[in-house]
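Structure first, then comments.
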Amino acid sequence: MRAVFPEGFLWGVATASYQIEGADFEDGKGPSIWTDFSHRPGKVNSGDNGDVACDHYHRFSEDIELMKQLGVNSYRFSISWSRVLPEGRGKINRKGSDFYNKLIDRLLEVGIQPMVTLYHWDLPLELHRKIDGWESRDMRHYFGDYSSLVFSEFGDRVKHWITLNEPYCSSHVSYLWGEHAPGKRDLKTSLTVAHNLLLSHGEAVRRFREVVKDGTIGLANVSTFVEPATDSKEDRWAARIRDQFINGWFFETPITGEYPSELFKRFNDAGVQPLIEDGDMDLISTPFDFWGVNYYTRNVIRKEESSILGSEVVQGELAKTEMGWEVYPEGLEAFLYKTFKEYGKKPIYITENGMACKDKLTDGFVEDFERVDYMKRHFSSALSALKAGVDLRGFYVWSLLDNFEWSYGYSKRFGLVYVDYEKGLKRIPKRSYYYYRDFLERD
Ligand SMILES: CO[C@H](O)c1c[n+]2c([nH]1)[C@H](O)[C@@H](O)[C@H](O)[C@H]2CO
0 MRAVFPEGFL WGVATASYQI EGADFEDGKG PSIWTDFSHR PGKVNSGDNG
50 DVACDHYHRF SEDIELMKQL GVNSYRFSIS WSRVLPEGRG KINRKGSDFY
100 NKLIDRLLEV GIQPMVTLYH WDLPLELHRK IDGWESRDMR HYFGDYSSLV
150 FSEFGDRVKH WITLNEPYCS SHVSYLWGEH APGKRDLKTS LTVAHNLLLS
200 HGEAVRRFRE VVKDGTIGLA NVSTFVEPAT DSKEDRWAAR IRDQFINGWF
250 FETPITGEYP SELFKRFNDA GVQPLIEDGD MDLISTPFDF WGVNYYTRNV
300 IRKEESSILG SEVVQGELAK TEMGWEVYPE GLEAFLYKTF KEYGKKPIYI
350 TENGMACKDK LTDGFVEDFE RVDYMKRHFS SALSALKAGV DLRGFYVWSL
400 LDNFEWSYGY SKRFGLVYVD YEKGLKRIPK RSYYYYRDFL ERD
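Position 232 of the sequence shown, counting from 1, maps to 231 under numbering that gives the first Met the number 0, and the rest follow consecutively.
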């Protein structure tokens, strides 16, 4: 099926720094908010943390060889801000930047194009402690300075950049639901954080234009297909409002320069709306080049007036992954089409798509047929979107390796490659790795 995708289409795998690198205290790296959070009792399953993770910091050559054998032409990874700027600002840590220079150079040597995420949730702990991290409006300046630094360091070789991975998670999962670092639970704070993240996104785009003249930059969002539990007027309204919260807040706002009006009014009436200062919405809507769509599943929504969102998520009836997420490839095509049509007709990359399975080693191998089926169905959905006119430019499977799945620790496996945490982090390609390799090989 690969042959029917456009020439130059990017087929890749995706990872993130805190989830795979390890070496969390090595070679001058500063702690992040996830260093702190994962070491707090009760925050992460089984007390797991990213101190070692997949030890990618030391094994990156082996992991690039796995990508080369797989046949991908691109690799999406994130830079650990506190590895290059241990305190989030000030003096660069050369050993940290050297790691990424070696990684990027090796990728290019084997014909793999890097796509680099500036921020995938691992904020330097010093910024959190000294200026309250993302709660501070000043973060846009520090994120801008960090962005300018890495653009200058790597922008000669890295031509595809993402400012933020899922500001929805960095705000609401982290400051409203409290499941991610720093684990706070307050809606007004969460909306303030979301505002500061979007300001920082805009600032990074402006810095990018000053430094990298021949590259492209985008924003990668949670992209959950939202639909009503019933066709009732109440549930259809509830789904619309919930869609504005999960998706519209981070897709519509950077395009229009305005928050989704219905939901913003609800928040304003409740006195929890973010404080917007002159120039903020212009900065947030600084024009950028592409969307990153992180699609996994759908949310089925019904009206629930006791919630400020006026809704609750209900369990759908479809088969679910180990995360309890429904397998719903149809939602990918619909989401891609809506994003392309309604949010600026920008090129789109599927920057994450994958599933957690009950991966078990049997005679030294993992027959993850469910993941093969999931991939086939989502590849097919992506092709349908392309045929419907969506300017889809690439597809990154989450993830190359089993890795640190945030508050679930190492209990959830998303990798095409099994990581044997009991036996020296040995890498063992699964059935899905070979499916993807054959898919990429076949014309
Ligand atoms: C609804 O899923 C989210 O969009 C989402 C899923 N995922 C993500 N975001 C994050 O970007 C990754 O770091 C996670 O490892 C990955 C798997 O959980």
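Even for Gly, the Cβ is constructed at its ideal location relative to N, Cα and C.
So, for Gly27: in the same chain, excluding its five sequence neighbours on each side, which residues have a beta-carbon less than 7 Å away from its beta-carbon? Pro85, Asn92, Lys94 and Gly95
By a C-beta neighbour count over all protein chains shown, 10 Å radius and 16 as the cutoff for buried, is Val109 buried or exposed? exposed
Where does Arg301 sit, in a helix, a strand or coil, going by DSSP? strand
On the DSSP letters alone, give me the boundaries of the alpha helix (DSSP H) that Asn100 sits inside. Arg93 to Glu108
How far does the alpha helix (DSSP H) with Asp437 in it reach, from first residue to last? First-last of the alpha helix (DSSP H) with Asp437: Arg430 to Glu440.
Whole angstroms are fine: how far does the CA of Phe150 sit from the CA of Leu65? 27 Å
Using C-beta distances below 7 Å, list every residue in its chain close to Gly125, excluding the 5 sequence neighbours before and after it, in chain order. In the sequence as presented, Gly is not what sits at residue 125; that position holds Glu. Result list for Glu125: Gly29, Glu86 and Gly87, in chain order.
Should Asp121 and Ile130 be called a contact, given that it needs their Cβ atoms to be closer than 8 Å? no
Would the stretch 291-305 count as touching the stretch 324-336 if we require 3 or more Cβ pairs under 8 Å? yes
What's the call for Phe364, buried or exposed, on a 16-neighbour Cβ count within 10 Å? exposed
Over what stretch of residues does the beta strand (DSSP E) that includes Asn220 continue unbroken? In the DSSP assignment, Asn220 falls within the beta strand (DSSP E) that extends over Thr215 to Val221.
In terms of DSSP beta bridges, what is Gln112 paired with? Ser73
Give me the Cα-Cα distance between Arg58 and Asp367, rounded to the nearest whole angstrom. 24 Å
Sheet register partners of Ser310 (DSSP bridge): Ser310 pairs with Lys302.
What are the partner residues of Tyr348, as DSSP defines its beta bridges? For Tyr348, which the question treats as bridged, DSSP gives the partners Gly291 and Gly393.
Between which residues of its own chain and Pro273 is the CB-CB distance below 6 Å, once the five residues before and five after are set aside? Leu190, Thr191 and His194
Looking only at DSSP bridge pairs, what is Asn164 linked to? Ala219
Residues in the same chain with beta-carbon distance under 8 Å from Gly49, minus the five sequence neighbours each way, listed in chain order, please. Tyr17, Gln18, Glu20, Gly21, Asp23, Trp33, Thr34, Ser37 and Phe403
Among all the DSSP beta bridges, which residues are the ones paired with His159? Met114 and Thr215
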